[in-house]
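These notes concern the structure reproduced below.
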Ligand SMILES: C[S@@+](CC[C@H](N)C(=O)[O-])C[C@H]1O[C@@H](n2cnc3c(N)ncnc32)[C@H](O)[C@@H]1O
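Residue numbers (this note's numbering): 28 to 198.
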């Protein structure tokens, strides 16, 4: 099971980025996203609406305290993976990540507290350049799943796209 923890969501400023973290997590094979920071019912609802239309059983949740989320998942045997440009290279560590059945993948917001680096079993960089939590998450999931996320099918979908070289088609 893969759970994504998005730290320090800010209701107004991070609306799009936080939504996209949830969408990428779902589309690329994670099972759940948990947000900390501002409580944001609209964000959770928008992801639930996507699940209703596009299928699968992806869950979205809010928790006030990121430390509690990390401790709870660690106590259930999840390995804690923190994505940071300061960490060890993803391309070298992907094999290690794949050894674990359950991962909590943490992506930051504006400021990542020092104790997150300490709590992580793995601090992982996706290049050592500053970029985006969305890109870092997408590439990490792709390396963890070794491209198998392209084969995912979402059960119970009301909307299924029929790939079309020109326009928009649905099955
Ligand atoms: C825009 S950055 C801001 C980070 C912030 N300055 C801090 O205190 O670390 C937001 C998040 O994007 C992710 N991120 C950005 N660049 C990354 C990289 N090269 N490798 C892994 N994750 C990265 C990290 O999860 C980071 O916390």
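Just so it is clear, CB atoms sit at the ideal spot from N, CA and C, and this is done for glycine as well.
(message) Quick check: is any heavy atom of ligand 1 less than 7 Å from the C-beta of residue 158?
(response) Within the chosen limit of 7 Å, ligand 1 reaches the beta carbon of residue 158 through at least one heavy atom.
(message) For residue 36, list the residues DSSP reports as bridge partners.
(response) Beta-bridge analysis with DSSP links residue 36 to 64.
(message) Once DSSP output is grouped into helix, strand and coil, what is the label at residue 98?
(response) In this structure, residue 98 counts as helix in the three-state DSSP scheme.
(request) For the beta strand (DSSP E) containing residue 122, list its first residue and its last residue. (result) Premise fails: residue 122 lies in the alpha helix (DSSP H), 117-125, not in any beta strand (DSSP E).
(message) Could you check whether the Cβ of residue 154 sits closer than 7 Å to any heavy atom belonging to ligand 1?
(response) Residue 154: yes, Cβ under 7 Å from ligand 1.
(request) Could you say which of 38, 144 and 57 lies nearest to residue 181 if we only look at CA atoms? (result) Comparing Cα positions, the closest option is 57.
(request) Confirm the yes/no value for this check: CB of residue 217, any heavy atom of ligand 1, distance under 7 Å. (result) The question about residue 217 has no answer, for the chain in this structure spans 28 to 198.
(message) With a threshold of 6 Å on Cβ separation, who are the neighbours of residue 62 within its own chain once the five nearest residues in sequence on each side are excluded?
(response) Cβ within range, chain order: 33, 36 and 89.
(request) Name the one or two DSSP bridge partners that residue 110 has. (result) 151, per the DSSP bridge assignment.
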